[in-house]
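Only one structure is covered here, and it is reproduced in the block below.
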Amino acid sequence: MSRQEDNEDLNVANLTESKSQRSTASGLPQTESEYAIDARCFIDSRFACVEPDPRNPGRSSIRAENCLFAAFGRELPPVGVPIIKILGEMQAALLAACSELKLGFPDEDSLQWAWDQWYEFMVAVALWNANANSLNRRPACWLRLPGTSKLYFAQLLEPKARERIAALERRLREQGAILALPNPNLICLRAGPDHQLPAAVYKSIDAYSREAYETVMQSYHSVLGACDYREIRTCVGLKTFSRLDRHPWIPHEADILKSAFAYLHQQAEDRIPSTRYFAITSFEPSKSDEYAYAAVACRSVLDETIPAERAVDGLLYLQNLSEIADQLPSIVA
């Protein structure tokens, strides 16, 4: 065994415990110190959570969505346990399952990618449920957007707005610049009276089932090509674990989106309502984070008639999933 492989085994051993030391997935304890996920839930699941990686012999690949079904297909994660703890337990149980199944361990990039996928879905469902359970029955809903390789943001918009964005892109391209519209992880849509959304977007989710997963992941289809930009009231970017470029990119993403919305309002000659952008993180922000996320939105620098505003309206540190319901009013107000 090579030194690298030996070190990896030692590192994995620090993250895993024997089956006898881990509690079962049913009746999960609610306190942080006792909380654990049993590796059997990944081993015995009808959904393949790990499988041999055909591109990387000796390694296994992670089916992140199947891990969610296996661990929480019957009930949601406990709201009182820190998100970081839940994710760490999922990883530890997954590595223990790889060991028992005699599969190679996933590489570090795969593990970090899985953390991001689990984290994003947990936050999306928590926001979804907080909105569905809110006493405020205004027609608002949360939609999760895929990456830009699957959806270009302007495709959400109704035809006239799409044409205005296309005209802006042509003008900028002629001047040697490209408008790279990003996709926030989530948008909060406050539908107008003429825009009826499917009932599923308002229904609370009680487990990470395959059906719930598809509903959340495909929710953007309900507005595709017909979304009024005035209805998009809040955008959310998640500060992920593996993509360090997301940290400085989020303020830039917020600035570009706010500028695009301002352009649409300007072209339509309507009053500019507030379109806000928030960043959410489940680990405590650093001083450099707080500094970077206070960056000004450039349009308030270029136009003195616009009061100075931040590109990112707030950086929310959410330790537990339960805190999302508490933050909902400030996010969607």
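For the sequence shown, my numbering gives the first residue as 4, with consecutive numbering after it.
For each residue, glycine too, the CB sits at the ideal point set by N, CA and C.
If you're wondering where the values come from, they're calculated on a predicted model, not measured in any experiment.
Looking from the CA of Arg165, the closest CA among Pro81, Leu267, Val84, Thr278 belongs to Leu267. Ala202 is not a Cβ neighbour of Ile208, given a cutoff of 8 Å. Secondary structure remark: continuous beta strand (DSSP E) runs of at least 3 residues inside the stretch 67 to 150, in chain order: 143 to 147. When the alpha-carbon of Ser291 is set against those of Leu305, Asp306, Trp131, Leu318, the nearest one is in Leu318. Secondary structure note for Phe45: it is in no beta strand (DSSP E), and the uninterrupted alpha helix (DSSP H) holding it is 43 to 46. Ala263 and Ser102 have their alpha carbons spaced roughly 49 Å apart.
A check of alpha carbon separations from Cys52 across Ala271, Cys238, Phe108, Arg233 identifies Phe108 as the nearest. For Thr243, the three-state secondary structure derived from DSSP is coil. Remark: fewer than three beta-carbon pairs, one from each stretch, lie closer than 8 Å, so the stretch 166 to 183 and the stretch 47 to 64 are not flagged as touching. Residue pairing by DSSP places Thr237 opposite Cys191, Arg279 in a beta bridge. The Cβ atoms of Gly83 and Ser325 lie closer than 8 Å to each other. For Ser64, the enclosing beta strand (DSSP E) begins and ends at 63 to 65. About 27 Å separates the Cβ atoms of Ala170 and Pro254, ruling out a contact at the 8 Å cut-off. If you draw a straight line from the Cα of Thr308 to the Cα of Tyr232, it is about 23 Å long.
In the three-state reduction of the DSSP assignment, Val299 falls in the strand class.
The beta carbons of Cys144 and Val204 sit about 4 Å from each other, so the pair counts as a contact at 8 Å. In the DSSP assignment, the residues bridged to Thr284 are Tyr320. Between Glu78 and Arg66 a beta carbon distance of about 20 Å is seen, past the 8 Å cut, so the two are scored as non-contacting. Residue environment: Asp197 is assigned as exposed (fewer than 16 neighbouring CB atoms within 10 Å of its CB, all protein chains considered). When only Cα atoms are considered, Ile168 and Ser289 end up about 36 Å apart. Ile283 sits away from Leu331, with the two beta carbons spaced by 8 Å or more. Counting the other Cβ atoms within 10 Å of the Cβ of Asp316 gives 16 or more, which makes it buried. For Glu172, the uninterrupted alpha helix (DSSP H) run begins and ends at 162 to 177, by DSSP. If you look at Pro55, you'll find it isn't in any alpha helix (DSSP H); it sits in the beta strand (DSSP E) that goes 53 to 55. Exposure of Pro310 is indicated by the presence of fewer than 16 other C-beta atoms within 10 angstroms of its C-beta.
Taken atom to atom, the span from the alpha-carbon of Pro80 to that of Ala95 is near 16 Å. Residue state for Arg213 is assigned as helix, using DSSP reduced to three classes.
Ser333 and Val239 have their C-alpha atoms roughly 13 Å apart.
Boundaries of the alpha helix (DSSP H) harbouring Ile334: 326 to 335, taken from the DSSP string. Beta-bridge partners assigned by DSSP to Arg274: none are found. Cys191 sits away from Arg147, with the two beta carbons spaced by 8 Å or more. Excluding residues up to 5 positions away in sequence, Tyr205, Lys206, Ser207 lie with their Cβ nearer than 7 Å to the Cβ of Ala135 in the same chain.
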